[in-house]
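Down below is the structure, laid out as structure tokens.
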Amino acid sequence: MTETFTIAIDGPAAAGKGTISKAVAARLGFAHLDTGLLYRAVGAKTLTGTDPIVAAQSLQPEDLDGTDLRTPGVAQAASKVAVIPEVRAALVDFQRAFARRAGGAVLDGRDIGTVICPDADVKLFVTASAEVRAERRYQELADKGMDVTRDEVLADVKARDDRDMNRAEAPLKPAMDAVLIDTSDLSIEAALEAALKEIVSRR
Ligand code: C5P
């Protein structure tokens, strides 16, 4: 396929959008960008003293590698730098160029359908209750051997939801034309099925 086809998948932390995005991209042979990693990489740099705007403006592809971007501390730092308009602005061009790749692209994040790709061919908003999301994230972190409690993870999820939904710039919310998928009571297979049904109907 030489044309472009953009799929925007937004939603709060641990709603399942990463899993769905990866699976959709693999199924369709599209490229996938986890845009949260951009904010995590900037957040991680601020933890070692770099100014967030300088970090965003000088971000390099190799900054996105590394397992230490997946920690609760980096997630909080990411959601703090994500409120800064200059940080968001520095990351726009890269995301839009990715979305326009020949062969199709899936981008997941918080503002893909609303700000980055308002003309995306398909927009999904994947959500679930805070308790369900916190339990999933807790299991993921515990499986990796991280020393966290359920209460800490729930508090982390709620703090990020609050910051992401209430910021002035590009707040987390469904685009007017997004299709909502609530994964609270869905298996991974059922959630993927629901996503693919929407995508296939628009191709
Ligand atoms: O998706 P993930 O949990 O890795 O994102 C980390 C943080 O980055 C989010 O809590 C959010 O504050 C920020 N983010 C954002 N816009 C995006 C993707 C992530 O503001 N498109």
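Just so you know, we're using the numbering used here here: the sequence shown kicks off at 947 and counts up by one. Even glycine gets a Cβ: it sits at the ideal position worked out from N, Cα and C.
Identify the continuous beta strand (DSSP E) that holds GLY1055 and give its terminal residues.
That run of the beta strand (DSSP E) goes 1051-1055.
If I measure Cβ to Cβ from ILE1030 and keep anything under 6 Å in the same chain, skipping five residues before and after, which residues do I get?
Closer than 6 Å at Cβ, skipping near neighbours: PRO998.
Among residues of its own chain, excluding the 5 on either side of ASN961, which ones have a beta-carbon nearer than 7 Å to its beta-carbon?
The question names Asn, yet the displayed sequence has Ala at residue 961. Excluding positions up to five away in sequence, the list reads VAL1072, THR1073, ALA1074, ARG1079, THR1129.
Hey, quick one: how far does the beta strand (DSSP E) through ALA977 stretch, first residue to last?
Unbroken beta strand (DSSP E) run through ALA977: 977-980.
Any contact of the segment 971-990 with the segment 999-1017, i.e. 3+ C-beta pairs under 8 Å?
Yes, the segment 971-990 touches the segment 999-1017.
Are the segment 969-983 and the segment 1104-1116 in contact at 8 Å, needing three or more beta carbon pairs?
No: the two stretches stay apart, fewer than three of their Cβ pairs being nearer than 8 Å.
Let me know if ARG986 comes out buried or exposed under the rule of 16 or more other beta-carbons within 10 Å of its beta-carbon.
Burial call: buried.
If I measure Cβ to Cβ from ASP1067 and keep anything under 7 Å in the same chain, skipping five residues before and after, which residues do I get?
The answer, listed in chain order, is PHE951, THR952, ILE953, ARG1148.
Please give me, in chain order, every unbroken run of the alpha helix (DSSP H) with length at least 4 that falls completely inside the segment 957-1003.
As far as the segment 957-1003 is concerned, its whole alpha helix (DSSP H) runs of at least 4 residues are 963-974, 982-993, 998-1003.
Just the Cα atoms here: how many angstroms apart are PHE1044 and SER1004?
Cα to Cα, PHE1044 sits roughly 18 Å from SER1004.
To test your reading of the DSSP string, which unbroken alpha helix (DSSP H) runs of 4 or more residues are found completely within the segment 1046-1123?
Runs of the alpha helix (DSSP H) inside the segment 1046-1123: 1076-1089, 1096-1112.
Please name the residue or residues paired with ASP1154 in a DSSP beta bridge.
In this structure the chain extends from 947 to 1149, so residue 1154 is not present and cannot be described.
Quick check on ALA954: does DSSP put it in helix, strand or coil?
Three-state DSSP puts ALA954 in a strand.
Can at least three beta-carbon pairs, one atom from the segment 1117-1129 and one from the segment 1034-1043, be found at a separation below 8 Å?
Taking 8 Å as the limit for Cβ pairs, the verdict is that the segment 1034-1043 does not touch the segment 1117-1129.
Could you check the C-alpha separation between LEU1010 and ALA1002 for me, to the nearest Å?
Approximately 12 Å, taken between the alpha carbons.
To the nearest angstrom, report how far apart LYS1143 and ALA969 are at their CA atoms.
Their Cα atoms are separated by approximately 13 Å.
Near ARG1056, what residues of its chain come up, given a Cβ to Cβ distance below 6 Å and the 5 sequence neighbours on each side ignored?
The answer, listed in chain order, is ASP956, ASP1110, LEU1118.
Could you tell me whether the Cβ atoms of VAL1061 and ARG1083 are closer together than 9 Å?
No, the Cβ-Cβ distance between VAL1061 and ARG1083 is not below 9 Å.
What would DSSP say about THR1013, mapped onto helix, strand or coil?
Three-state DSSP puts THR1013 in a helix.
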